[in-house]
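Below is one structure; the comments refer to it alone.
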Amino acid sequence: MSRILAKSGPYGRHHRLLLRRFEMRDALVTNAGHALPGIEVVKAELIKRYENEEFEVDLALFDFVGMRWWVALVLAQVDDFDIDVLIPTHALRRTGFLTEDAEALASRAPNGRDADVRSLVLNQVPELVVFVSRPEPGWFDRIMGSEGHLAVLETFSNLGGDSLLRINGDLPHATGTRITECTQIPGAPRLLKLPGQAPAWPQEPAVIEYEGETLRATTTIAGNDVLLSLDSHIESGKGYSLWRLADRYFELRWEEA
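Counting from 1, position 34 in the sequence shown corresponds to residue 34 in our numbering; the numbering is continuous, with no gaps.
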């Protein structure tokens with residue numbers, strides 16, 4: 001899975017630019033609606049202790065529909081994988097989050113969500129994700145073996161100062177809400193009908209994912225229905241449904257009969 005976080009200026013030849021830690025953190029917060037649809041991201045800045053060592057949590061991520069949350073570390077540079085990544089992952093997966101943590105995060109919660117944040121922090125054990133800028137291939141399996149997730153935040157810039165930010169890897173994923181069953185059009189395997197969805201369909205272009213990849217799709221309003229024309233073939237004979245992750249972000253999922 002890969003997402004563009006933010007961009008400015010024309011596309012052209014770009015080279016990689018190492019972001020500083022606070023720039024990575026701020027980019028994730030500012031662009032959370034597009035980077036991680038359906039998930040609210042807030043600065044955490046929590047200091048936790050485990051076996052007499054201190055570890056800092058940079059971000060908290062909340063899926064309010066699925067009632068799940070993640071704590072996140074943001075690392076602009078990793079000098080020693082074990083010390084910088086594995087040990088904090090091990091520690092933060094085993095530490096508890098207390099009333100003062102819940103209150104600190106609730107004070108930064110989106111409007112009307114402070115009670116949900118308190119409930120999640122006090123009652124649900126979070127998962128953990130580490131955002132890095134320059135991973136090595138072997139890191140993914142090692143951090144998953146330590147009960148964490150590794151996501152990559154890359155930055156590119158051209159000589160004119162225009163920038164392109166991209167996030168990919170093992171991303172936190174919102175549960176979403178089921179919108180409708182999809183109907184395949186006979187003889188047109190790339191065309192799906194979304195019954196009754198025209199009145200609520202977003203005016204802006206919709207983003208539709210399938211099995212972790214973003215589909216290129218065009219939509220046509222046909223009476224009360226939406227016709228979804230996909231750029232790639234999906235298997236015939238499967239039952240598909242459409243799930244909403246955020247306002248204009250959807251996911252196509254197949255369901256057992």
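A virtual CB, placed ideally from N, CA and C, is assigned to each residue, including glycine.
Asked, Found
"Check the DSSP bridge columns for residue 225 and list the partner residues they point to.", "222"
"Within its chain, find whatever has a CB closer than 6 angstroms to the CB of residue 21; leave out the 5 residues flanking it on each side and keep chain order.", "74, 76"
"Would a C-beta distance cut-off of 8 angstroms place residue 44 and residue 60 closer than the cut-off?", "yes"
"Whose C-beta lies closer than 8 angstroms to the C-beta of residue 170 among residues of the same chain, with five residues either side of it excluded?", "129, 140, 144, 149, 150, 151"
"Do residue 248 and residue 240 have their C-beta atoms within less than 8 angstroms of each other?", "no"
"Any contact between the stretch 211-224 and the stretch 97-107? By contact I mean 3 or more CB pairs, one from each, below 8 angstroms.", "no"
"Could you give the DSSP three-state label for residue 155: helix, strand or coil?", "strand"
"If you count every other CB in all the chains shown that lies within 10 Å of the CB of residue 124, and 16 or more means buried, which is it?", "exposed"
"Quick check on the DSSP output: the beta strand (DSSP E) that includes residue 189 runs from which residue to which?", "188-194"
"Suppose contacts are defined by Cβ-Cβ distances below 8 angstroms. Is residue 226 in contact with residue 201 by that definition?", "yes"
"Following the continuous alpha helix (DSSP H) through residue 139, name the residue where it begins and the one where it ends.", "139-145"
"Quick test of your reading: residue 180 and residue 203, contact by CB under 8 angstroms. State the CB separation rounded to the nearest angstrom.", "Not a contact, Cβ separation roughly 19 angstroms."
"Which residues in the same chain as residue 220 place their Cβ atom closer than 6 angstroms to its Cβ, once the five residues preceding and following it in sequence are excluded?", "227"
"Give the single residue among 120, 84, 83, 91 whose Cα lies nearest to the Cα of residue 99.", "120"
"Whose C-alpha, out of 53, 48, 135, 39, is nearest the C-alpha of residue 70?", "39"
"Where residue 85 and residue 205 are concerned, what is the direct C-alpha to C-alpha distance, given to the nearest angstrom?", "38 angstroms"
"Skipping 5 residues on each side, what residues in its chain have a beta carbon closer than 6 angstroms to that of residue 122?", "102"
"What is the rounded straight-line gap between the Cα of residue 155 and the Cα of residue 230?", "29 angstroms"
"Taking a contact to mean a Cβ-Cβ separation below 8 angstroms, would you say residue 208 touches residue 250 in this structure?", "yes"
"With DSSP as the reference, label residue 30 as helix, strand or coil.", "helix"
"Can you tell me whether DSSP reads residue 171 as helix, strand or coil?", "coil"
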